[in-house]
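Participant: Below: one structure in structure tokens.
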Amino acid sequence: MGRDEHSAAIEHIRQWAEDRRFVPSLRYTDKVLDQIEIHHDDDLWTYVACDDADPCADCGALPAHLDCIVIAVDGACHNNGTPYASAAVGVFVGKNSPHNISTSLMLKDTKATSQIAELNAGILGLQQALQIQRQGFGEETLHQVVIKADSEYLVKGMTEWASRWKKNGYRTSTGKPVANLALFDRLNKLVEELNDHKVEVIFWHVTRDKNQEADRLASRALHTIK
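And the structure:
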């Protein structure tokens, strides 16, 4: 896809507003679904594969969109649901990326839970995307970020539920206030800030076994505080 065509496509997609979903099966054929993530030669980035290009005749791999990256996020919680709970997050950009994060969560006003850990992981992932956009992206301009997570709560909250909550005055279908509203509000503001910089943000829900890099980073940090 040429730069003008890609920019036009991004401009069209940016009108989603209420979607924000990355669904590979709608973009790629079954034969290449396991090739969506492409690692850079120096492992600094994880790129999104071109969905309208032909695979390499020699190796069968798809070329990469050099202006579209995947940021994997994960939250972990020990003793979830108890007063002794502790939490940590992991953010994976690339094997050798300085933007990778493995850190414990220091929560002042709330108890640690798995859901809070997952939302904070999303926040840190988006903050890293903003930092990458501000610092520059080599010779390319960052146009798209895919936030990959195994948390259905995070992904559905930022795709299916967000616009519905807004219309309902940030209340659920039963009329109760949305749980963890401050965290979802922070997530939405980060997405909007990236959109203002012409960076599309979409969310990808995967199974845990497809999110091992971020899971390892979160688990490593969690083990330091047990």
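Take the sequence shown: its letter number 8 is residue 8 in the UniProt record's numbering, and every next letter is one higher.
Where is the CB? At the ideal position from N, CA and C, for every residue including glycine.
Only a predicted model underlies this, so the values are computations on that prediction, with no experimental measurement involved.
(1) Measure the C-alpha to C-alpha separation of proline 83 and lysine 111 and round it to an integer number of angstroms.
(2) Could you tell me whether the segment 154–163 touches the segment 91–106, using the rule of 3 or more Cβ pairs below 8 Å?
(3) Just to confirm my understanding: we take arginine 220, look at its own chain, exclude 5 residues before and 5 after, and list those with CB closer than 7 Å. What are they?
(4) For aspartate 19, which residues from the same chain have a beta carbon less than 6 Å from its beta carbon, with the 5 sequence-adjacent residues on both sides left out?
(5) Hey, how far is the Cα of alanine 9 from the Cα of glycine 94?
(6) Less than 6 Å separating the Cβ of lysine 156 from some heavy atom of the ligand NAD?
(7) Residue ranges of each beta strand (DSSP E) run of no fewer than 3 residues wholly in the UniProt domain "RNase H type-1" (65–223), ordered along the chain?
(8) Are the CB atoms of aspartate 67 and histidine 143 within a distance shorter than 7 Å?
(9) Taking a contact to mean a Cβ-Cβ separation below 7 Å, would you say valine 73 touches valine 48 in this structure?
(10) I think asparagine 120 touches valine 89, with their Cβ atoms under 8 Å apart; what is that distance to the nearest whole Å?
(11) On a CA-only basis, which of Ile132, Ala76 and Glu118 is nearest threonine 46? Give me that one, please.
(12) Based on Cα-Cα distance, which residue from Gln212, Val206 and Leu44 lies nearest to valine 23?
(13) Where does aspartate 52 land, buried or exposed, given buried means 16+ other C-beta within 10 angstroms?
(14) Please report how far the alpha carbon of leucine 44 lies from the alpha carbon of phenylalanine 203, in whole angstroms.
(15) Compare the Cα-Cα distances from asparagine 96 to each of Leu217, Thr224 and Ile225 and report the closest residue.
(16) Alpha carbons only, please: which of Asn180, Leu222 and Arg164 is nearest the one belonging to serine 173?
(17) DSSP beta-bridge partners for tyrosine 47?
(18) Please identify the residue among Gln127, Gln128, Leu107 and His65 whose C-alpha is closest to the C-alpha of glutamate 139.
(19) Can you give the Cα-Cα distance for arginine 21 and arginine 27, rounded to whole angstroms?
(20) Report the partner residues of arginine 21 according to the DSSP bridge assignment.
(21) Are the CB atoms of glutamine 115 and tyrosine 153 nearer to each other than 7 Å?
(22) Tell me the rounded alpha-carbon separation between methionine 106 and alanine 179.
Facilitator: Considering the structure as presented:
(1) If you number the sequence shown from 1, residue 83 lands on position 83. If you number the sequence shown from 1, residue 111 lands on position 111. Taking the straight line joining both Cα atoms gives about 7 Å.
(2) no
(3) Translated into the one-based positions of the sequence shown, residue 220 becomes position 220. The residues are Ser102.
(4) Mapped onto the sequence shown, residue 19 falls at position 19. There are no such residues.
(5) Counted from its first residue, the sequence shown places residue 9 at position 9. Counted from its first residue, the sequence shown places residue 94 at position 94. Because alanine 9 sits at a pLDDT of 46, beneath the cut-off of 50, its placement in the model cannot be relied upon, and the following sentence gives the value as read from the coordinates. Roughly 26 Å between the two C-alpha positions.
(6) In the structure on display, the ligand NAD does not appear, and there are no ligands present to speak of.
(7) 86–92, 101–104, 144–149 and 200–205
(8) Translated into the one-based positions of the sequence shown, residue 143 becomes position 143. Translated into the one-based positions of the sequence shown, residue 67 becomes position 67. Closer than 7 Å, so yes.
(9) Taking the sequence shown and counting its residues from 1, the one referred to as residue 73 is at position 73. Taking the sequence shown and counting its residues from 1, the one referred to as residue 48 is at position 48. No; because the gap between Cβ atoms is not below 7 Å, this pair is not in contact.
(10) If you number the sequence shown from 1, residue 120 lands on position 120. If you number the sequence shown from 1, residue 89 lands on position 89. With a Cβ gap of about 5 Å, asparagine 120 and valine 89 count as contacting.
(11) Within the sequence shown, the letter at position 46 stands for residue 46. Taking only the C-alpha atoms, the option nearest threonine 46 is Ile132.
(12) The residue you call residue 23 lines up with position 23 of the sequence shown. The residue with the shortest Cα to Cα distance from valine 23 is Val206.
(13) Here residue 52 is taken as the residue at index 52 of the sequence shown, counted from 1. Classification of aspartate 52: exposed, given that the 10 Å Cβ count is below 16.
(14) Here residue 44 corresponds to residue number 44 of the sequence shown, with the count starting at 1. Here residue 203 corresponds to residue number 203 of the sequence shown, with the count starting at 1. Cα to Cα, the separation comes out at about 21 Å.
(15) Here residue 96 is taken as the residue at index 96 of the sequence shown, counted from 1. Looking at the Cα atoms, Leu217 is the closest of the given residues.
(16) Counting from 1 along the sequence shown, the entry for residue 173 is found at position 173. The residue with the shortest Cα to Cα distance from serine 173 is Arg164.
(17) Numbered from 1 along the sequence shown, position 47 holds the residue referred to as residue 47. Partner(s): Ile38 and Ile69.
(18) Start at 1 with the first residue of the sequence shown, and residue 139 comes out as number 139. Checking every option, the nearest Cα to that of glutamate 139 belongs to His65.
(19) The sequence position of residue 21 within the sequence shown is 21, counting from 1. The sequence position of residue 27 within the sequence shown is 27, counting from 1. Using only the alpha carbons, I get a separation of about 12 Å.
(20) For the purposes of this step, residue 21 is taken as the residue at position 21 of the sequence shown. BP columns for arginine 21 point to Phe203.
(21) Sequence index remark: in the sequence shown, residue 115 carries index 115 (1-based). Sequence index remark: in the sequence shown, residue 153 carries index 153 (1-based). Contact flag set, yes.
(22) Position 106 of the sequence shown, counted from the first residue, corresponds to residue 106. Position 179 of the sequence shown, counted from the first residue, corresponds to residue 179. Spanning the two alpha carbons is a distance of roughly 19 Å.
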